[in-house]
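Here this note's numbering runs 18 ahead of the position in the sequence shown, where the first position is 1.
This report refers to the structure that appears directly beneath it.
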Amino acid sequence: MRVKVIFPLCLVLVAMLPAVAQAQVDRMSLEEKARCVVGIKREDFPPTNKGICARTAPFPAYNIPTLALADGSSGVRLSRRETDKATAFPSNMALASSWDPGIAGEVGSAAGYEARGYRIHVFLSPGMNIIRNPLCGRNFEYFSEDPLIAGKMAAAYVRGVQANGVAACIKHFTCNNQETNRSHVNTLVGDRALREIFLKGYEICVKEASPWSLMTSYNSLNGLPVQENHDLVNGILRGEWGFDGLIMTDWSISDHNTAAQLHAGNDFFTPGSDKQMQDIIGGVKDGSIDIKDLDRACSNIVRLCDRTARGELRPVPDLSLGAVASKKAACESAVLLENNGMLPLTSGGKAALFGVRSYRLVATGSGSAYVVCPYVRQIYTAFSEAGVGTDAELQDLYLKYADFASADIAYNEKVKVSIGLPLLPELDLSRTFIDKVAERDDYAVITIGRSSEEGVDRFLEDDYYLSETEKKLIENVCEAFHAKGKKVAVVLNIAGIIEVESWRSLPDAILNVWLPGQEGGSAVYDLLVGRSNPSGRLALSFPVDYFDCPSAMDFPYNHPKEGKNYDQTSYSEGIYVGYRHYDTRNVRVSYPFGYGLSYTDFEYSNFRVKKTGKGVSISFAVKNCGNKSGREAYGAYISAPERGLDKPARELKAFGKTTLLAPGESEQVRLEIPMSSLASYNEEKGKWEIARGQYLVRIGANVRNPLLEGRFRK
Ligand code: GLC
Numbered sequence: 019m020r021v022k023v024i025f026p027l028c029l030v031l032v033a034m035l036p037a038v039a040q041a042q043v044d045r046m047s048l049e050e051k052a053r054c055v056v057g058i059k060r061e062d063f064p065p066t067n068k069g070i071c072a073r074t075a076p077f078p079a080y081n082i083p084t085l086a087l088a089d090g091s092s093g094v095r096l097s098r099r100e101t102d103k104a105t106a107f108p109s110n111m112a113l114a115s116s117w118d119p120g121i122a123g124e125v126g127s128a129a130g131y132e133a134r135g136y137r138i139h140v141f142l143s144p145g146m147n148i149i150r151n152p153l154c155g156r157n158f159e160y161f162s163e164d165p166l167i168a169g170k171m172a173a174a175y176v177r178g179v180q181a182n183g184v185a186a187c188i189k190h191f192t193c194n195n196q197e198t199n200r201s202h203v204n205t206l207v208g209d210r211a212l213r214e215i216f217l218k219g220y221e222i223c224v225k226e227a228s229p230w231s232l233m234t235s236y237n238s239l240n241g242l243p244v245q246e247n248h249d250l251v252n253g254i255l256r257g258e259w260g261f262d263g264l265i266m267t268d269w270s271i272s273d274h275n276t277a278a279q280l281h282a283g284n285d286f287f288t289p290g291s292d293k294q295m296q297d298i299i300g301g302v303k304d305g306s307i308d309i310k311d312l313d314r315a316c317s318n319i320v321r322l323c324d325r326t327a328r329g330e331l332r333p334v335p336d337l338s339l340g341a342v343a344s345k346k347a348a349c350e351s352a353v354l355l356e357n358n359g360m361l362p363l364t365s366g367g368k369a370a371l372f373g374v375r376s377y378r379l380v381a382t383g384s385g386s387a388y389v390v391c392p393y394v395r396q397i398y399t400a401f402s403e404a405g406v407g408t409d410a411e412l413q414d415l416y417l418k419y420a421d422f423a424s425a426d427i428a429y430n431e432k433v434k435v436s437i438g439l440p441l442l443p444e445l446d447l448s449r450t451f452i453d454k455v456a457e458r459d460d461y462a463v464i465t466i467g468r469s470s471e472e473g474v475d476r477f478l479e480d481d482y483y484l485s486e487t488e489k490k491l492i493e494n495v496c497e498a499f500h501a502k503g504k505k506v507a508v509v510l511n512i513a514g515i516i517e518v519e520s521w522r523s524l525p526d527a528i529l530n531v532w533l534p535g536q537e538g539g540s541a542v543y544d545l546l547v548g549r550s551n552p553s554g555r556l557a558l559s560f561p562v563d564y565f566d567c568p569s570a571m572d573f574p575y576n577h578p579k580e581g582k583n584y585d586q587t588s589y590s591e592g593i594y595v596g597y598r599h600y601d602t603r604n605v606r607v608s609y610p611f612g613y614g615l616s617y618t619d620f621e622y623s624n625f626r627v628k629k630t631g632k633g634v635s636i637s638f639a640v641k642n643c644g645n646k647s648g649r650e651a652y653g654a655y656i657s658a659p660e661r662g663l664d665k666p667a668r669e670l671k672a673f674g675k676t677t678l679l680a681p682g683e684s685e686q687v688r689l690e691i692p693m694s695s696l697a698s699y700n701e702e703k704g705k706w707e708i709a710r711g712q713y714l715v716r717i718g719a720n721v722r723n724p725l726l727e728g729r730f731r732k
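Below you can see the structure in the form of structure tokens.
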């Protein structure tokens, strides 16, 4: 009986929220409404800053509390001046490689728990722009080259955050795919690419997870600033997809048009300025701003207060919970790229740990995603804590170098006010010294690292391509250890794709752990010795060379201030981003989308494809036919009939991952693919259409290695 009364009552209360918010807004003066959408200035923040990067204005007379907003994509970014710390999680690029939205959800939940404990109401994460070019400085904050993976991962992450009563904020909507001149660059994108690739992930996330906030991006799209684009923001985001949260600008610059931003659908102007307040007051008075737009914005802010600031205050978070989630995600996201029998490491023996990053792991990227975490578990300490002998002279050499260089960096930070950790260049070791180490140790592990930063794109030299020192290190260590019949593994601790083709045949194993968060070192150790069986699959293609990338020339790859792609970047690749390009044009890649090895083997069987009323139902069995427990990721790639619009060779339309299967254990998998997901956007007609004819379905994580094939007709 009680449920019968309470449940409908809750529905009524939720339905009443907008009316209640509007009633509060109706009591506000014009000045109060202008202050509401602009927020309070940093100098007026309460003393415990905690790294809060914006606050909405409180109105105690109307029972409207202030909301605190804080970054960032790898965990709660607190102030470096404070004692509080937060967990550094693996980057979103890493999470996507888990091919398991459940992992993204666990990280979102753990980060949301910490945000709530630190009295943060809006957590400015996840970043989820499409990774269209390997060099974008913020790729590590984003998930994938594929919109389905981006959308599903972001949706799971958002649900995790919001389960704590904290608003997630998906960003940066949209086509913010370069950092060079990010606040003014004009991106030229065709309607079909916009709909099918650059908007599709946001559409999936909005429809499946209802994020309570979203951040519009700095850049312009086809000549109009995104933040002033009414058709895009109010039209598509709110009108077509039903987004009902708060929309804020990215830390907008004053030369944008406040009235146009408000009319387009932005509710909150971060970080807000007196100029914008005056623009709003003046605009309402002279009629250039419709008071209805201002009321809508204020209501959305008040509704967000109701969603996030009315619950009980929680104690300061227990960071041990985040540490567990961070390590699990790091293990699940690692991708084993090469292994000729070296891994898992079985015998004891003495390890020679080469590479600065074996001693100074890059846990997170820099910029607003940088996290002041309680510790970073280093690879070398994970080995020694496990009682594995490591080369003391090598360790001493690297630690001395890293300490010296870090002191240098600390000075740079003070001078440059960098909020991230600029990278130490690799240490140059002589071949004579390496031969000595190869003589006395049993195997080698070389860690190659990359960081990446908001506000600046990556470089080709010594970044996308290995430096001469790094290349020499890998060549010399492999030659010296192979000469003694000993093996070498390379660990990639990277913020994005790097060139691997020229050297990947040298080592006996390559393990890619991306930016693995604060537990990265212990995750690397567990993966190398097989305590954790690598199950990650690439959510990004590794091209043979940068210039094979479809957007290579449509990107400021050498960052000229006056050069091409500074003021304007054309997305001439259209929908052919990542594997959609490489597979359709048969371009060889170093590692394809969906690629990843395991310490065990899996076989697929009992494949069924059945049309249903709403789409296609696919089922198959996956069996662990190896001798180690492991998880298998899988994808359903669909090839449409060559009819009407040109189509990519195949597109991912569903994916997932088995539970941990013991040797001999099987799992029955069922995937539902809605017919609507097969549609292409016809930009001439301005509508979606589904080609009639025979569709090919291929099952297997690796886009180029189908394990099952089937057909159906539309
Ligand atoms: C930055 C970033 C955005 C971040 C915001 C607050 O400009 O683009 O991702 O959330 O400012 O730090």
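Every residue, glycine too, gets a C-beta built ideally from N, C-alpha and C.
Worksheet item: Sorted by chain position, which residues of the same chain lie with C-beta nearer than 7 angstroms to residue 496's C-beta, five sequence neighbours on each side aside?
Response: 506, 524 and 525
Worksheet item: Would you call the CB atoms of residue 4 and residue 599 closer than 9 angstroms?
Response: With the chain covering only 19 through 732, there is no way to say anything about residue 4.
Discussion item. For the ligand GLC, I want to know if residue 386 counts as a neighbour, meaning its beta carbon is within less than 8 angstroms of at least one of the ligand's heavy atoms.
Written reply: yes
Worksheet item: How is the alpha helix (DSSP H) around residue 123 delimited, first residue to last?
Response: 119-135
Worksheet item: Which residues bound the alpha helix (DSSP H) around residue 669?
Response: Not the alpha helix (DSSP H): residue 669 falls in the beta strand (DSSP E), residues 669-675.
Worksheet item: In chain order, what residues of the same chain lie with their CB nearer than 7 angstroms to the CB of residue 115, ignoring the 5 residues before and after it?
Response: 351, 353, 532, 554, 555, 556 and 557
Item to complete: With residue 641 as the anchor, note down where its alpha helix (DSSP H) starts and where it stops.
Response: Counting along the chain, residue 641 falls outside any alpha helix (DSSP H), though it belongs to the beta strand (DSSP E) covering 633-642.
Worksheet entry | residue 543 - containing alpha helix (DSSP H), residue span | 538-547
Item to complete: Give the C-beta separation of residue 455 and residue 370 to the nearest angstrom, bearing in mind that I take them to be a contact with Cβ-Cβ under 8 angstroms.
Response: 5 angstroms
Item to complete: Mind checking who residue 685 pairs with in its DSSP beta bridge?
Response: 640
Fill in: Reference residue 596, options 608, 587 and 585, closest by Cα
608
Item to complete: On the DSSP bridge assignment, give the partners of residue 279 in chain order.
Response: Per DSSP, none; premise fails for residue 279.
Worksheet item: Taking the runs of the alpha helix (DSSP H) that are 4 residues or longer, which of them lie wholly in the stretch 388-430?
Response: 397-403
Worksheet item: What number of angstroms, rounded off, separates the C-alpha of residue 344 from the C-alpha of residue 304?
Response: 53 angstroms
Fill in: Proximity test, residue 172 beta-carbon vs the ligand GLC heavy atom, cut-off 8 angstroms
no
Discussion item. Please classify residue 70 as buried or exposed, where buried requires at least 16 neighbouring CB atoms within 10 angstroms.
Written reply: buried
Worksheet item: Beta carbon of residue 349: closer than 8 angstroms to some heavy atom of the ligand GLC?
Response: no
Fill in: Three-state secondary structure (DSSP) of residue 220
helix
Worksheet entry | Local Cβ density within 10 Å of residue 565, reported as buried at 16 or more and exposed below that | exposed
Worksheet item: According to DSSP, which residues form a beta bridge with residue 521?
Response: BP columns for residue 521 are empty, so no partner.
Fill in: Contact check, residue 301 vs residue 277, beta carbons under 9 angstroms
yes
Discussion item. In chain order, what are the residue ranges of uninterrupted beta strand (DSSP E) at least 3 long that sit wholly in the stretch 154-218?
Written reply: 185-191 and 204-206
Fill in: Residues of its chain near residue 499, where Cβ-Cβ distance is below 6 angstroms and the 5 sequence neighbours each way are ignored
456, 462 and 506
Practice prompt. Identify whether residue 38 lies in helix, strand or coil by the three-state DSSP scheme.
Written response: helix
Worksheet item: residue 651 lies in the beta strand (DSSP E); which residues open and close that run?
Response: 651-657
Worksheet entry | C-beta contact flag for residue 43 and residue 323 at 9 angstroms | no
Worksheet item: Nearest to residue 534 by CA position, among 112, 73, 470 and 49, is which residue?
Response: 112
Worksheet item: Buried or exposed: residue 198, going by 16 or more other Cβ atoms within 10 Å of its Cβ?
Response: buried
Discussion item. Quick check: is any heavy atom of the ligand GLC less than 8 angstroms from the C-beta of residue 472?
Written reply: yes
Item to complete: Spatial neighbours of residue 209 within its chain, please: CB distance less than 7 angstroms, with the 5 preceding and 5 following residues excluded, ordered by chain position.
Response: 699 and 701
Practice prompt. Determine the direct distance from the alpha carbon of residue 543 to that of residue 449, and round the result to whole angstroms.
Written response: 26 angstroms
Item to complete: For residue 505, name the three-state secondary structure that DSSP assigns.
Response: strand
Worksheet item: Is the closest heavy atom of the ligand GLC to the C-beta of residue 145 under 8 angstroms?
Response: yes
Fill in: Nonlocal neighbours in the same chain, by C-beta distance under 6 angstroms from residue 582, ignoring five residues either side
none
Worksheet item: Does the pairing of the stretch 355-373 with the stretch 565-575 give three or more beta-carbon distances under 8 angstroms?
Response: no
Worksheet item: Does the Cβ-Cβ distance between residue 376 and residue 465 come in under 9 angstroms?
Response: yes
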